[in-house]
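Since the structure comes first, as C-alpha coordinates, the remarks are kept for the end.
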Amino acid sequence: MILNQAGTRRFRAYTSKHLDELLRRAGLGDDERLKVRAVATVLPFRTNAYVVDELIDWSAAPDDPIYRLVFPQEDMLPAADVARLADLLKAEAPNAEIQAEANRVRAQLNPHPAGQKELNVPKINDEPIPGLQHKYPETVLIFPKQGQTCHAYCTYCFRWAQFVGDADLKFASDDIDQMVGYIRQHPEVTSVLITGGDAMIMGEPVVRRYIEPLMELEQLESIRIGTKSLAYWPQRFTSDPDAGDTLRLFEQVVASGKNLAFMAHFSHPRELESPLVEEAVKNILGSGATIRTQAPLIKSINDDPAIWAGMWRRQLRMGMIPYYMFVERDTGPQDYFAVPLARAYEIFRDAYASVSGLCRTVRGPSMSATPGKVCVDGVTEIAGEKVFVLHFIQARDPSLVGRPFFARFDPNAVWLTDLRPAFADRFPFESADALLPA
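Each residue of the sequence shown is one higher than the one before, starting from 9 at the first, in the numbering used here.
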(Lines of atoms letter the chains of each structure in order from A; the text may use other names.)
(Lines give C-alpha, C1' and ligand atoms only; values in the text may rest on other atoms or scores of the structure.)
Protein backbone atom coordinates (compact mmCIF):
# COMPACT_ATOMS: atom_id res chain seq x y z
CA MET A 9 0.00 0.00 0.00
CA ILE A 10 1.73 3.17 -1.24
CA LEU A 11 -0.01 6.46 -0.53
CA ASN A 12 0.78 9.60 -2.48
CA GLN A 13 0.92 12.64 -0.22
CA ALA A 14 2.67 14.91 -2.73
CA GLY A 15 0.77 17.78 -4.26
CA THR A 16 -2.36 17.08 -2.26
CA ARG A 17 -5.15 19.53 -1.57
CA ARG A 18 -7.99 19.56 0.86
CA PHE A 19 -11.54 18.75 -0.11
CA ARG A 20 -13.55 21.84 -1.06
CA ALA A 21 -17.30 21.58 -1.56
CA TYR A 22 -19.44 23.85 -3.71
CA THR A 23 -23.11 24.19 -2.75
CA SER A 24 -26.12 26.22 -3.85
CA LYS A 25 -24.53 29.42 -2.54
CA HIS A 26 -21.80 29.00 -5.18
CA LEU A 27 -24.20 27.98 -7.95
CA ASP A 28 -24.72 31.36 -9.65
CA GLU A 29 -20.97 31.94 -9.92
CA LEU A 30 -20.40 28.51 -11.43
CA LEU A 31 -23.27 28.95 -13.88
CA ARG A 32 -21.64 32.14 -15.13
CA ARG A 33 -18.56 30.07 -15.90
CA ALA A 34 -20.78 27.85 -18.08
CA GLY A 35 -21.86 30.94 -20.02
CA LEU A 36 -25.49 31.02 -18.87
CA GLY A 37 -27.39 34.31 -19.05
CA ASP A 38 -29.31 35.97 -16.23
CA ASP A 39 -32.66 34.34 -17.00
CA GLU A 40 -31.10 30.90 -17.52
CA ARG A 41 -29.22 31.11 -14.22
CA LEU A 42 -32.38 32.14 -12.39
CA LYS A 43 -34.26 29.12 -13.71
CA VAL A 44 -31.44 26.74 -12.77
CA ARG A 45 -31.35 28.23 -9.29
CA ALA A 46 -35.12 27.66 -9.13
CA VAL A 47 -34.62 23.96 -9.92
CA ALA A 48 -31.91 23.82 -7.24
CA THR A 49 -34.45 24.84 -4.59
CA VAL A 50 -36.17 21.48 -5.25
CA LEU A 51 -33.32 19.15 -6.23
CA PRO A 52 -30.08 19.22 -4.22
CA PHE A 53 -26.85 20.66 -5.60
CA ARG A 54 -23.37 19.88 -4.34
CA THR A 55 -20.09 19.38 -6.12
CA ASN A 56 -16.41 19.84 -5.34
CA ALA A 57 -13.19 21.32 -6.64
CA TYR A 58 -11.96 18.02 -8.12
CA VAL A 59 -15.10 17.62 -10.24
CA VAL A 60 -15.13 21.30 -11.22
CA ASP A 61 -11.42 21.60 -12.05
CA GLU A 62 -10.50 18.12 -13.26
CA LEU A 63 -13.59 16.45 -14.74
CA ILE A 64 -15.78 19.10 -16.35
CA ASP A 65 -14.84 20.40 -19.81
CA TRP A 66 -15.98 23.99 -19.36
CA SER A 67 -15.44 24.77 -23.04
CA ALA A 68 -18.30 22.34 -23.77
CA ALA A 69 -20.57 23.44 -20.88
CA PRO A 70 -23.51 23.34 -20.44
CA ASP A 71 -23.57 20.35 -22.82
CA ASP A 72 -20.55 18.62 -21.27
CA PRO A 73 -21.70 15.24 -19.85
CA ILE A 74 -19.96 15.67 -16.48
CA TYR A 75 -21.44 19.14 -16.14
CA ARG A 76 -24.86 17.63 -16.81
CA LEU A 77 -24.15 14.92 -14.24
CA VAL A 78 -23.84 17.41 -11.39
CA PHE A 79 -25.49 20.71 -12.39
CA PRO A 80 -29.28 21.15 -12.42
CA GLN A 81 -30.89 22.01 -15.75
CA GLU A 82 -33.83 24.36 -16.11
CA ASP A 83 -35.98 21.80 -17.94
CA MET A 84 -35.61 19.06 -15.31
CA LEU A 85 -38.91 20.16 -13.76
CA PRO A 86 -42.24 21.27 -15.26
CA ALA A 87 -41.96 24.79 -16.71
CA ALA A 88 -44.82 26.11 -14.58
CA ASP A 89 -43.14 24.97 -11.38
CA VAL A 90 -39.82 26.47 -12.42
CA ALA A 91 -41.51 29.76 -13.28
CA ARG A 92 -43.23 29.99 -9.88
CA LEU A 93 -40.01 29.31 -8.02
CA ALA A 94 -38.04 31.71 -10.23
CA ASP A 95 -40.58 34.45 -9.50
CA LEU A 96 -40.18 33.85 -5.77
CA LEU A 97 -36.39 34.01 -6.03
CA LYS A 98 -36.50 37.15 -8.14
CA ALA A 99 -38.87 38.82 -5.66
CA GLU A 100 -36.56 37.78 -2.80
CA ALA A 101 -39.49 36.09 -1.09
CA PRO A 102 -39.02 34.79 2.46
CA ASN A 103 -37.15 31.50 2.58
CA ALA A 104 -40.12 29.80 4.27
CA GLU A 105 -42.32 30.68 1.28
CA ILE A 106 -39.72 29.38 -1.20
CA GLN A 107 -39.29 26.15 0.75
CA ALA A 108 -43.03 25.60 0.96
CA GLU A 109 -43.30 25.80 -2.82
CA ALA A 110 -40.23 23.59 -3.25
CA ASN A 111 -41.75 20.99 -0.91
CA ARG A 112 -44.97 21.04 -2.93
CA VAL A 113 -43.00 20.24 -6.09
CA ARG A 114 -40.95 17.55 -4.34
CA ALA A 115 -44.08 15.76 -3.22
CA GLN A 116 -44.98 15.21 -6.88
CA LEU A 117 -41.62 13.58 -7.67
CA ASN A 118 -42.12 10.22 -5.92
CA PRO A 119 -39.31 10.83 -3.40
CA HIS A 120 -39.23 7.22 -2.16
CA PRO A 121 -39.74 4.88 -5.13
CA ALA A 122 -40.23 1.10 -5.06
CA GLY A 123 -41.99 1.06 -1.69
CA GLN A 124 -38.92 2.11 0.25
CA LYS A 125 -40.86 3.64 3.15
CA GLU A 126 -43.98 1.49 3.00
CA LEU A 127 -42.48 -1.95 2.30
CA ASN A 128 -38.75 -1.88 3.03
CA VAL A 129 -38.54 -0.56 6.60
CA PRO A 130 -38.11 -3.43 9.08
CA LYS A 131 -39.60 -3.48 12.58
CA ILE A 132 -38.82 -4.79 16.04
CA ASN A 133 -41.92 -5.24 18.23
CA ASP A 134 -43.95 -3.40 15.59
CA GLU A 135 -41.68 -0.36 15.87
CA PRO A 136 -39.92 0.78 12.66
CA ILE A 137 -36.13 0.71 12.78
CA PRO A 138 -34.74 3.98 11.43
CA GLY A 139 -31.82 3.82 9.06
CA LEU A 140 -32.47 0.26 7.82
CA GLN A 141 -34.12 -1.26 4.76
CA HIS A 142 -34.79 -4.98 4.31
CA LYS A 143 -36.26 -5.61 0.86
CA TYR A 144 -34.72 -8.98 0.01
CA PRO A 145 -34.40 -11.79 2.58
CA GLU A 146 -30.61 -12.08 2.47
CA THR A 147 -29.69 -8.37 2.21
CA VAL A 148 -30.04 -5.45 4.63
CA LEU A 149 -29.27 -1.85 3.75
CA ILE A 150 -27.72 0.42 6.41
CA PHE A 151 -27.97 4.21 6.16
CA PRO A 152 -25.37 5.64 8.58
CA LYS A 153 -26.43 9.03 9.90
CA GLN A 154 -23.03 10.60 9.22
CA GLY A 155 -22.93 9.26 5.66
CA GLN A 156 -26.05 10.87 4.24
CA THR A 157 -24.29 13.27 1.93
CA CYS A 158 -21.84 12.81 -0.95
CA HIS A 159 -18.68 14.37 -2.33
CA ALA A 160 -20.93 15.59 -5.17
CA TYR A 161 -24.58 14.96 -6.02
CA CYS A 162 -25.60 13.36 -9.32
CA THR A 163 -28.55 15.10 -10.92
CA TYR A 164 -30.16 11.73 -11.68
CA CYS A 165 -29.79 10.33 -8.16
CA PHE A 166 -32.82 8.31 -7.02
CA ARG A 167 -31.92 9.12 -3.40
CA TRP A 168 -32.14 12.87 -3.90
CA ALA A 169 -34.68 13.03 -1.04
CA GLN A 170 -31.88 12.16 1.41
CA PHE A 171 -30.22 15.51 0.72
CA VAL A 172 -32.95 18.17 0.83
CA GLY A 173 -33.05 18.72 4.59
CA ASP A 174 -36.48 17.17 5.19
CA ALA A 175 -36.30 14.72 8.09
CA ASP A 176 -39.54 13.04 6.99
CA LEU A 177 -37.94 12.07 3.68
CA LYS A 178 -34.64 10.83 5.10
CA PHE A 179 -33.36 7.37 6.02
CA ALA A 180 -30.62 7.62 8.66
CA SER A 181 -29.59 6.27 12.05
CA ASP A 182 -26.50 6.04 14.24
CA ASP A 183 -27.96 3.38 16.55
CA ILE A 184 -25.48 0.70 15.57
CA ASP A 185 -26.52 -1.68 18.35
CA GLN A 186 -30.12 -1.67 17.14
CA MET A 187 -29.03 -2.34 13.57
CA VAL A 188 -26.78 -5.23 14.57
CA GLY A 189 -29.47 -6.58 16.89
CA TYR A 190 -31.95 -6.71 14.02
CA ILE A 191 -29.48 -8.58 11.82
CA ARG A 192 -28.82 -11.10 14.59
CA GLN A 193 -32.55 -11.76 14.83
CA HIS A 194 -32.63 -12.54 11.09
CA PRO A 195 -30.16 -15.35 10.34
CA GLU A 196 -31.29 -15.31 6.71
CA VAL A 197 -29.36 -12.04 6.30
CA THR A 198 -25.95 -12.82 4.79
CA SER A 199 -25.05 -9.47 3.19
CA VAL A 200 -25.09 -5.85 4.35
CA LEU A 201 -24.94 -2.85 2.03
CA ILE A 202 -23.78 0.41 3.64
CA THR A 203 -25.34 3.13 1.55
CA GLY A 204 -26.62 6.68 1.61
CA GLY A 205 -25.53 9.16 0.63
CA ASP A 206 -22.02 7.81 0.53
CA ALA A 207 -20.33 6.01 3.40
CA MET A 208 -16.94 7.19 2.18
CA ILE A 209 -17.81 10.79 3.03
CA MET A 210 -17.27 9.66 6.64
CA GLY A 211 -13.86 9.65 8.28
CA GLU A 212 -12.18 6.35 9.14
CA PRO A 213 -13.08 6.40 12.86
CA VAL A 214 -16.78 6.73 12.00
CA VAL A 215 -16.65 4.13 9.23
CA ARG A 216 -14.97 1.80 11.71
CA ARG A 217 -17.80 2.28 14.24
CA TYR A 218 -20.27 0.87 11.72
CA ILE A 219 -18.10 -1.85 10.19
CA GLU A 220 -16.39 -3.40 13.22
CA PRO A 221 -19.62 -4.79 14.76
CA LEU A 222 -20.53 -6.28 11.38
CA MET A 223 -17.20 -8.11 11.22
CA GLU A 224 -18.22 -10.03 14.35
CA LEU A 225 -21.44 -11.40 12.81
CA GLU A 226 -20.66 -14.93 11.66
CA GLN A 227 -23.81 -15.06 9.52
CA LEU A 228 -22.51 -12.31 7.21
CA GLU A 229 -20.69 -13.38 4.06
CA SER A 230 -20.21 -9.92 2.60
CA ILE A 231 -20.12 -6.24 3.48
CA ARG A 232 -20.81 -3.90 0.59
CA ILE A 233 -20.19 -0.16 0.38
CA GLY A 234 -22.14 1.84 -2.18
CA THR A 235 -19.97 4.77 -3.24
CA LYS A 236 -19.29 7.37 -5.92
CA SER A 237 -16.08 8.47 -4.19
CA LEU A 238 -13.76 6.83 -6.71
CA ALA A 239 -15.24 9.05 -9.41
CA TYR A 240 -15.80 12.26 -7.44
CA TRP A 241 -13.02 12.25 -4.81
CA PRO A 242 -10.44 9.48 -5.38
CA GLN A 243 -8.14 11.27 -2.93
CA ARG A 244 -10.18 9.54 -0.23
CA PHE A 245 -7.98 6.49 -0.88
CA THR A 246 -4.69 8.15 -1.83
CA SER A 247 -3.89 11.36 0.00
CA ASP A 248 -6.64 12.20 2.50
CA PRO A 249 -5.24 12.27 6.07
CA ASP A 250 -7.05 9.04 6.98
CA ALA A 251 -6.58 7.23 3.67
CA GLY A 252 -4.04 4.83 5.15
CA ASP A 253 -6.19 4.05 8.19
CA THR A 254 -9.19 3.45 5.91
CA LEU A 255 -7.28 0.98 3.77
CA ARG A 256 -6.03 -0.83 6.87
CA LEU A 257 -9.64 -1.12 8.04
CA PHE A 258 -10.48 -2.73 4.70
CA GLU A 259 -7.65 -5.20 5.23
CA GLN A 260 -9.10 -6.09 8.63
CA VAL A 261 -12.52 -6.74 7.12
CA VAL A 262 -11.02 -9.13 4.57
CA ALA A 263 -8.89 -10.81 7.26
CA SER A 264 -12.07 -11.42 9.28
CA GLY A 265 -13.31 -13.69 6.50
CA LYS A 266 -15.82 -11.30 4.95
CA ASN A 267 -15.98 -10.36 1.30
CA LEU A 268 -15.61 -6.57 1.20
CA ALA A 269 -17.13 -5.26 -2.03
CA PHE A 270 -17.06 -1.70 -3.28
CA MET A 271 -20.14 -0.97 -5.38
CA ALA A 272 -18.50 1.84 -7.36
CA HIS A 273 -20.59 4.17 -9.48
CA PHE A 274 -19.03 5.30 -12.76
CA SER A 275 -21.44 7.06 -15.11
CA HIS A 276 -19.06 8.25 -17.84
CA PRO A 277 -15.61 7.22 -19.11
CA ARG A 278 -14.05 10.54 -18.15
CA GLU A 279 -14.52 9.65 -14.48
CA LEU A 280 -11.99 6.83 -15.01
CA GLU A 281 -9.26 8.83 -16.76
CA SER A 282 -7.46 10.52 -13.87
CA PRO A 283 -4.26 8.84 -12.60
CA LEU A 284 -5.69 9.47 -9.13
CA VAL A 285 -8.51 7.03 -9.88
CA GLU A 286 -6.07 4.38 -11.04
CA GLU A 287 -4.02 4.85 -7.87
CA ALA A 288 -7.11 4.72 -5.64
CA VAL A 289 -8.34 1.53 -7.33
CA LYS A 290 -4.94 -0.13 -6.86
CA ASN A 291 -4.94 0.80 -3.17
CA ILE A 292 -8.43 -0.59 -2.57
CA LEU A 293 -7.72 -3.80 -4.47
CA GLY A 294 -4.44 -4.07 -2.56
CA SER A 295 -6.44 -4.24 0.66
CA GLY A 296 -8.13 -7.41 -0.55
CA ALA A 297 -11.45 -5.75 -1.34
CA THR A 298 -13.19 -6.18 -4.69
CA ILE A 299 -14.68 -3.37 -6.77
CA ARG A 300 -17.87 -3.92 -8.74
CA THR A 301 -19.03 -1.14 -11.05
CA GLN A 302 -22.53 0.05 -11.79
CA ALA A 303 -24.47 3.06 -13.08
CA PRO A 304 -27.84 3.96 -14.55
CA LEU A 305 -28.39 4.51 -18.24
CA ILE A 306 -28.90 8.27 -18.57
CA LYS A 307 -30.17 10.18 -21.59
CA SER A 308 -27.66 12.73 -22.93
CA ILE A 309 -24.87 11.41 -20.68
CA ASN A 310 -24.18 7.74 -21.46
CA ASP A 311 -26.94 6.54 -23.82
CA ASP A 312 -24.47 5.12 -26.33
CA PRO A 313 -23.25 1.50 -26.48
CA ALA A 314 -19.70 2.65 -27.27
CA ILE A 315 -19.59 4.58 -23.98
CA TRP A 316 -20.60 1.52 -21.96
CA ALA A 317 -18.30 -0.86 -23.81
CA GLY A 318 -15.40 1.53 -23.28
CA MET A 319 -16.17 1.87 -19.58
CA TRP A 320 -16.42 -1.88 -19.05
CA ARG A 321 -13.14 -2.53 -20.89
CA ARG A 322 -11.27 0.11 -18.93
CA GLN A 323 -12.75 -1.07 -15.63
CA LEU A 324 -11.66 -4.62 -16.42
CA ARG A 325 -8.10 -3.50 -17.21
CA MET A 326 -8.00 -1.67 -13.88
CA GLY A 327 -9.06 -4.81 -12.01
CA MET A 328 -12.70 -3.90 -11.42
CA ILE A 329 -15.72 -6.10 -12.18
CA PRO A 330 -18.51 -4.67 -14.40
CA TYR A 331 -21.72 -5.45 -12.50
CA TYR A 332 -24.88 -3.51 -13.44
CA MET A 333 -26.45 -1.24 -15.99
CA PHE A 334 -29.52 0.18 -14.28
CA VAL A 335 -32.61 1.80 -15.77
CA GLU A 336 -33.21 5.33 -14.45
CA ARG A 337 -35.65 5.01 -11.57
CA ASP A 338 -39.18 6.39 -11.29
CA THR A 339 -38.35 9.36 -9.10
CA GLY A 340 -37.13 12.94 -9.36
CA PRO A 341 -36.60 14.20 -12.93
CA GLN A 342 -37.11 10.75 -14.46
CA ASP A 343 -38.73 12.16 -17.60
CA TYR A 344 -35.61 14.23 -18.23
CA PHE A 345 -33.15 11.34 -18.02
CA ALA A 346 -35.12 8.20 -18.89
CA VAL A 347 -34.29 6.07 -21.91
CA PRO A 348 -37.13 3.88 -23.30
CA LEU A 349 -36.74 0.24 -22.31
CA ALA A 350 -36.55 -0.87 -25.93
CA ARG A 351 -33.64 1.48 -26.57
CA ALA A 352 -32.03 0.55 -23.23
CA TYR A 353 -32.03 -3.09 -24.28
CA GLU A 354 -30.44 -2.21 -27.64
CA ILE A 355 -27.70 -0.18 -25.94
CA PHE A 356 -26.94 -2.96 -23.49
CA ARG A 357 -27.02 -5.66 -26.18
CA ASP A 358 -24.69 -3.78 -28.55
CA ALA A 359 -22.23 -2.91 -25.77
CA TYR A 360 -22.31 -6.47 -24.38
CA ALA A 361 -21.72 -7.95 -27.83
CA SER A 362 -18.57 -5.87 -28.35
CA VAL A 363 -16.65 -6.83 -25.19
CA SER A 364 -14.81 -9.97 -24.12
CA GLY A 365 -16.25 -12.64 -21.85
CA LEU A 366 -14.50 -11.21 -18.79
CA CYS A 367 -16.53 -8.01 -19.16
CA ARG A 368 -19.75 -9.98 -19.45
CA THR A 369 -20.13 -10.18 -15.70
CA VAL A 370 -22.38 -7.15 -16.16
CA ARG A 371 -26.18 -7.44 -15.91
CA GLY A 372 -28.86 -5.23 -17.34
CA PRO A 373 -30.70 -3.21 -18.22
CA SER A 374 -32.18 -3.69 -14.76
CA MET A 375 -35.11 -1.91 -13.10
CA SER A 376 -35.02 -1.73 -9.28
CA ALA A 377 -38.80 -1.77 -9.02
CA THR A 378 -41.26 -2.45 -6.22
CA PRO A 379 -41.35 -6.27 -6.62
CA GLY A 380 -37.60 -6.57 -7.27
CA LYS A 381 -34.83 -6.15 -9.82
CA VAL A 382 -36.33 -6.80 -13.25
CA CYS A 383 -33.97 -7.36 -16.17
CA VAL A 384 -34.97 -6.70 -19.79
CA ASP A 385 -33.60 -9.77 -21.56
CA GLY A 386 -34.80 -8.92 -25.03
CA VAL A 387 -37.50 -8.07 -27.54
CA THR A 388 -38.95 -10.88 -29.63
CA GLU A 389 -42.10 -12.09 -31.36
CA ILE A 390 -44.09 -14.99 -29.91
CA ALA A 391 -47.31 -16.29 -31.49
CA GLY A 392 -47.45 -13.22 -33.67
CA GLU A 393 -47.14 -10.75 -30.76
CA LYS A 394 -44.12 -8.51 -30.20
CA VAL A 395 -43.08 -8.70 -26.54
CA PHE A 396 -40.44 -7.81 -23.98
CA VAL A 397 -38.75 -10.83 -22.39
CA LEU A 398 -38.04 -10.14 -18.72
CA HIS A 399 -36.84 -11.93 -15.60
CA PHE A 400 -36.22 -11.20 -11.93
CA ILE A 401 -32.56 -10.92 -10.92
CA GLN A 402 -33.78 -10.40 -7.35
CA ALA A 403 -37.27 -10.31 -5.84
CA ARG A 404 -39.18 -9.77 -2.62
CA ASP A 405 -40.68 -13.19 -3.31
CA PRO A 406 -37.65 -15.45 -3.85
CA SER A 407 -39.73 -17.93 -5.85
CA LEU A 408 -39.88 -15.36 -8.67
CA VAL A 409 -36.10 -15.09 -9.10
CA GLY A 410 -34.93 -16.32 -12.48
CA ARG A 411 -38.45 -16.95 -13.83
CA PRO A 412 -39.00 -15.44 -17.29
CA PHE A 413 -42.15 -13.46 -18.00
CA PHE A 414 -43.44 -11.36 -20.85
CA ALA A 415 -44.86 -7.90 -21.43
CA ARG A 416 -46.49 -6.40 -24.47
CA PHE A 417 -44.01 -4.39 -26.48
CA ASP A 418 -44.35 -0.66 -25.92
CA PRO A 419 -41.72 1.53 -27.64
CA ASN A 420 -42.39 4.38 -25.20
CA ALA A 421 -42.27 2.42 -21.92
CA VAL A 422 -39.54 3.59 -19.55
CA TRP A 423 -40.46 1.65 -16.39
CA LEU A 424 -42.12 -1.53 -15.20
CA THR A 425 -45.39 0.26 -14.41
CA ASP A 426 -45.63 1.33 -18.07
CA LEU A 427 -45.83 -2.31 -19.17
CA ARG A 428 -48.82 -4.60 -19.58
CA PRO A 429 -48.66 -8.41 -19.33
CA ALA A 430 -48.55 -10.57 -22.44
CA PHE A 431 -50.22 -14.00 -22.61
CA ALA A 432 -51.76 -13.50 -19.15
CA ASP A 433 -54.11 -11.22 -17.25
CA ARG A 434 -51.52 -10.32 -14.63
CA PHE A 435 -47.78 -10.34 -14.12
CA PRO A 436 -46.42 -13.12 -11.84
CA PHE A 437 -45.65 -10.67 -9.06
CA GLU A 438 -49.14 -9.21 -9.22
CA SER A 439 -50.76 -12.57 -8.60
CA ALA A 440 -48.29 -13.19 -5.78
CA ASP A 441 -48.89 -10.07 -3.73
CA ALA A 442 -50.66 -7.47 -5.91
CA LEU A 443 -47.83 -4.98 -5.64
CA LEU A 444 -48.84 -3.16 -8.78
CA PRO A 445 -52.27 -2.24 -10.17
CA ALA A 446 -53.68 -4.54 -12.79
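Glycine included, C-beta positions come from ideal geometry on N, C-alpha and C. The structure presented is a predicted model; accordingly, all values stated were derived computationally and were not measured.
Would the beta-carbon of residue i be found less than 7 Å away from any heavy atom of the ligand ATP?
{"i": "Pro-249", "result": "Absence of the ligand ATP is noted for the structure shown, with no ligands found whatsoever."}
How long is the line joining the alpha carbons of residue i and residue j, rounded to whole angstroms?
{"i": "Thr-147", "j": "Val-197", "result": "6 Å"}
{"i": "Asp-253", "j": "Glu-212", "result": "6 Å"}
{"i": "Glu-220", "j": "Ala-160", "result": "27 Å"}
{"i": "Ala-94", "j": "Ala-69", "result": "22 Å"}
{"i": "Ser-282", "j": "Ser-407", "result": "44 Å"}
{"i": "Phe-79", "j": "Phe-53", "result": "7 Å"}
{"i": "Arg-18", "j": "Tyr-75", "result": "22 Å"}
{"i": "Pro-73", "j": "His-399", "result": "31 Å"}
{"i": "Val-60", "j": "Met-319", "result": "21 Å"}
{"i": "Arg-351", "j": "Arg-411", "result": "23 Å"}
{"i": "Ala-35", "j": "Leu-97", "result": "For the sequence presented, residue 35 should be read as Gly rather than Ala. Going by the C-alpha atoms only, they are around 20 Å apart."}
{"i": "Pro-242", "j": "Arg-20", "result": "13 Å"}
{"i": "His-26", "j": "Asp-248", "result": "24 Å"}
{"i": "Ala-101", "j": "Leu-149", "result": "40 Å"}
{"i": "Tyr-331", "j": "Leu-268", "result": "15 Å"}
Identify which residue in the options has its Cα closest to the Cα of residue i.
{"i": "Phe-396", "options": "Glu-226, Arg-428 and Ile-191", "result": "Arg-428"}
{"i": "Gly-365", "options": "Ala-317, Glu-29 and Val-113", "result": "Ala-317"}
{"i": "Ser-376", "options": "Asn-420, Phe-19, Met-187 and Thr-425", "result": "Thr-425"}
{"i": "Tyr-240", "options": "Gly-205, Ser-264, Cys-158 and Tyr-331", "result": "Cys-158"}
{"i": "Asn-291", "options": "Ile-233, Phe-435, Arg-244 and Leu-201", "result": "Arg-244"}
{"i": "Ala-297", "options": "Ile-329, Val-347 and Glu-354", "result": "Ile-329"}
{"i": "Phe-235", "options": "Tyr-190, Ile-299 and Glu-135", "result": "In the sequence under discussion, the amino acid at residue 235 is Thr, which differs from the Phe named in the question. Closest by alpha carbon: Ile-299."}
{"i": "Thr-49", "options": "Leu-149, Phe-417 and Asp-89", "result": "Asp-89"}
{"i": "Phe-165", "options": "Ile-306, Met-223 and Ala-288", "result": "Sequence inspection shows Cys at residue 165; the Phe mentioned does not correspond to that position. The shortest Cα separation from Cys-165 among Ile-306, Met-223 and Ala-288 belongs to Ile-306."}
Identify whether residue i lies in helix, strand or coil by the three-state DSSP scheme.
{"i": "Arg-411", "result": "coil"}
{"i": "Asp-433", "result": "coil"}
{"i": "Ser-230", "result": "strand"}
{"i": "Phe-53", "result": "coil"}
{"i": "Glu-196", "result": "coil"}
{"i": "Met-326", "result": "coil"}
{"i": "Phe-270", "result": "strand"}
{"i": "Thr-339", "result": "coil"}
{"i": "Leu-363", "result": "Per the sequence presented here, residue 363 reads as Val, with Leu not at that position. Reduced to three states, the DSSP call for Val-363 is coil."}
Where do the N-terminal and C-terminal ends of the beta strand (DSSP E) with residue i fall, by residue?
{"i": "Gln-402", "result": "393-403"}
{"i": "Thr-301", "result": "298-305"}
{"i": "Pro-330", "result": "329-335"}
{"i": "Pro-373", "result": "371-377"}
{"i": "Asp-385", "result": "380-390"}
Any idea if residue i is buried or exposed, counting beta-carbon neighbours within 10 angstroms, 16 or more meaning buried?
{"i": "Ile-132", "result": "exposed"}
{"i": "Pro-341", "result": "buried"}
{"i": "Phe-431", "result": "exposed"}
{"i": "Asn-56", "result": "buried"}
{"i": "Gln-227", "result": "exposed"}
{"i": "Glu-389", "result": "exposed"}
{"i": "Ala-361", "result": "exposed"}
{"i": "Arg-192", "result": "exposed"}
{"i": "Asp-185", "result": "exposed"}
Following the continuous alpha helix (DSSP H) through residue i, name the residue where it begins and the one where it ends.
{"i": "Leu-293", "result": "283-294"}
{"i": "Ile-184", "result": "184-192"}
{"i": "Thr-254", "result": "251-263"}
Taking 8 Å as the CB-CB limit, is residue i close to chain D?
{"i": "Ile-401", "result": "Here chain D cannot be found, since the structure has a single protein chain."}
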